[in-house]
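Only one structure is covered here, and it is reproduced in the block below.
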Amino acid sequence: MVRTSIRLTSALPVVTMLVLLILHIFSPAPPAMFVLIVLLGVLGASYFWATQMARNVTVQRQRRYGWSQVGDVIEERFTMHNESILPVLWAEVRDFSDLPGYNASRGVGLSSRATTRWMTGGTCERRGIYRLGPLTIRMGDPFGLFDVRLIHDYTEEFVVYPPVVAMPHLVEPRGMARGSARANIRSADLTTNAASVRSYSPGDALNRIHWRSTARRSVPDHEQIFVKEFDLEPSGDLWIIVDLYGPAHAGEDMESTEEYAVVLAASVANQMLRDNHAVGLITHTDEPLIIPPQKGYQQLWELLRALADVHAVSEVPLDRLLHLAEPIIGRGMTALLITPSTDPRWIQGLPILLRHGIHPVGVLLDAASFGGQGEVVGIVSALADLGVPSRVIDRGYTFDRLIEKRRQKPEYRVLGTGRVVMTDPGEQAEWIPLGQRETEP
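Residue numbers (this note's numbering): 438 to 878.
Structure below.
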């Protein structure tokens, strides 16, 4: 929706005209009458000029792509058209988008019945969900008597996703175990993997009795029945648990444990989903955030969108988060814990996960390398004692992007003849008017 307003910048001309009119009534004088007529003509001409701009000036805002990742270039194109017979001597285009590091405001001028175009661009510096718009165009007549404003109220959500990087295999879900690997936790449920036998308990099904062991171990004066005990059925699915407890994090901006945690979560999710595993997310910011495990490309973008807008502001430490997550995570699933916490209390909750058939894996962010407190060595040792694999990531870890940055600005190429030509890497991307949302890939 576009709203227009015409406002008198100063009451002085009107007051002057009223004074001259009163003087002319009580004491007619040709000079006063002349000045009154001139002021009336100037005021009328200025108002006509202002109304022409309000009615005949239009601005269209278009952007290329409706989403980006950190490091991508956002590019917008503005088209301003004047259908009036009068020129626009000056126009201040002011943009109120809240995307960090991006400013589309500009000053322009426009001849009568003319069109001008300009492009603005900027780098998406931080992940998040931002707003493009609204837009205000402020213009004025040659005498500066009227202020004309065109207010474009439309806005659009613009998502900057976290980058997806190439990662070593930090986690290998149990469903991917190679060779003769077996689960360390026995299951009371029937699976395809019989691991051992145990004494019969009331309620055990008859088809689970291992008759050979029963015959071999029983003696005439003491008969004992043995039943089969099964390995936990591996599922290969993954829950990513991101610790966003504020006091545990350290660093600033992109070199912070918060950003590293988000990038790691996004990258592991991409890796596992491409390997056809279901991936879910559990974290806590101002409130719990739970995305159930699903497979497919759409799940990746749902996870990336959720990770784009999370920050380390939670008041729930990791030990409490694990307590909340334990009933949600199914048996046989892998839980990837991404945390900078060196508080040993969260380690005490892992045996409960293990007893429930959940297989934790730790990705530990070395908060000390980011300027924080605590030593990660003790956490690594405690995890090793429980048989929980872990990996330490410190500041300066090299992240190699998997999804190329979209360079939307023109590039220049030198031909064999020496001629320089301009190429547009994103020329196949359409310009979309603001308000028409582009679907995510």
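Positions of the beta carbon are idealized from the N, C-alpha and C atoms, including for glycine. Just so we're clear, the structure is a prediction, and the values are computed from it rather than from any experiment.
Exercise. Where does Phe515 sit, in a helix, a strand or coil, going by DSSP?
Worked result: strand
Problem set entry | Cβ shell of Gln708 (< 8 Å), same chain only, five flanking positions each side left out | Met604, His606
Exercise. How many angstroms separate the CA atom of Cys561 from the CA atom of Pro537?
Worked result: 7 Å
For this session: Report buried or exposed for Met880, applying the criterion of at least 16 other Cβ atoms within 10 angstroms of its Cβ.
Result: Absent from the model: residue 880. The displayed extent of the chain is 438 to 878, so no value can be given.
For this session: Could you tell me if Arg879 is buried or exposed, where buried requires 16 or more neighbouring beta carbons within 10 angstroms of its beta carbon?
Result: Past the edges of the chain, shown from 438 to 878, lies residue 879, and the structure says nothing about it.
Exercise. Quick one: any contact between the segment 514-524 and the segment 551-565, if contact means 3 or more CB pairs under 8 Å?
Worked result: yes
For this session: Out of Gly508, Val596, Tyr598, Ile574, state which residue places its alpha-carbon closest to the alpha-carbon of Ile588.
Result: Ile574
Exercise. Is Asp584 helix, strand or coil by DSSP?
Worked result: strand
Problem set entry | C-alpha distance - Val679 paired with Ser693, whole-angstrom precision | 14 Å
Exercise. What residue does the alpha helix (DSSP H) around Asp822 start on, and which one ends it?
Worked result: 814-822
Problem set entry | Assigned secondary structure, Met438 (DSSP; H/G/I helix, E/B strand, else coil) | coil
Exercise. Exposed or buried, what is Val596 when buried is set at 16 or more other beta-carbons lying within 10 Å of its beta-carbon?
Worked result: buried
For this session: Could you please give me the residues that DSSP links to Gln497 through a beta bridge?
Result: Thr516
Exercise. Going by the CB atoms, is the gap between Leu675 and Glu771 shorter than 8 Å?
Worked result: It is Thr, not Glu, that sits at residue 771 in the sequence shown. Cβ atoms of Thr771 and Leu675: closer than 8 Å.
Exercise. How long is the line joining the alpha carbons of Asp746 and Tyr834, rounded to whole angstroms?
Worked result: 23 Å
For this session: Using alpha carbons as the reference points, say which of Gly824, Val798, Ile830 lies closest to Val813.
Result: Ile830
Exercise. Beta carbon of Asp578, beta carbon of Ser483: below 8 Å?
Worked result: yes
Problem set entry | Proximity to Thr881 [Cα-Cα], best of Val699, Leu445, Phe836, Ser548 | No statement about residue 881 is possible, as the shown extent of the chain runs from 438 to 878 and does not include it.
Exercise. From which residue to which residue does the beta strand (DSSP E) around Leu675 run?
Worked result: 675-679
Exercise. What do you get for Phe807, buried or exposed, if any count of 16 or more other CB atoms within 10 angstroms of its CB means buried?
Worked result: buried
For this session: Go ahead and pull the three-state DSSP assignment for Ser542.
Result: coil
For this session: Measure the beta-carbon distance from Gly546 to Val525 and round it to whole angstroms, keeping in mind my assumption that it falls under 8 Å.
Result: 6 Å
Exercise. Using a Cβ-Cβ distance under 8 Å, would Thr516 count as near chain D?
Worked result: The question asks about chain D, but that chain is absent: this structure has only one protein chain.
Problem set entry | Contact under 8 Å by Cβ, Gly602 with Asp803 | Before going on, a small fix: residue 602 reads as Val here, not Gly. No.
Problem set entry | Contact check, Val716 vs Ile677, beta carbons under 8 Å | yes
For this session: Have a look at Ser617 and Gln735 and give me their C-alpha separation to the nearest angstrom.
Result: Unreliable positioning characterises Ser617 in this predicted model, as indicated by a pLDDT of 39, which lies under 50. The coordinate reading is nonetheless provided below. Roughly 34 Å separates the two Cα atoms.
For this session: Determine which residues share a DSSP beta bridge with Ala879 and list them.
Result: What the structure shows of the chain is the stretch from 438 to 878, and residue 879 is not part of that stretch, so it cannot be assessed.
Exercise. Taking the runs of the alpha helix (DSSP H) that are 4 residues or longer, which of them lie wholly in the segment 731-819?
Worked result: 734-745, 755-762, 787-792
For this session: Have a look at Phe463 and Ala469 and give me their C-alpha separation to the nearest angstrom.
Result: 12 Å
For this session: Only counting runs of 4 or more residues, tell me where the alpha helix (DSSP H) segments fall wholly within the segment 700-732, in order along the chain.
Result: none
Exercise. Would the beta-carbon of Asn707 be found less than 7 Å away from any heavy atom of the ligand PLP?
Worked result: The ligand content of the structure shown is nil, which means the ligand PLP is not present either.
For this session: Alpha carbon to alpha carbon, how far is Gly503 from Met576? Give it in angstroms, no decimals.
Result: 30 Å
Exercise. At what residues does the beta strand (DSSP E) containing Pro870 begin and finish?
Worked result: 868-870
Problem set entry | Reduced DSSP secondary structure (H/G/I, E/B, other) of Val525 | strand
Problem set entry | Buried versus exposed, by CB contacts within 10 Å (16 or more), Ala466 | exposed
For this session: Using only alpha-carbon positions, find the residue among Trp648, Pro777, Ala685, Ile727 that is nearest to Ala743.
Result: Ile727
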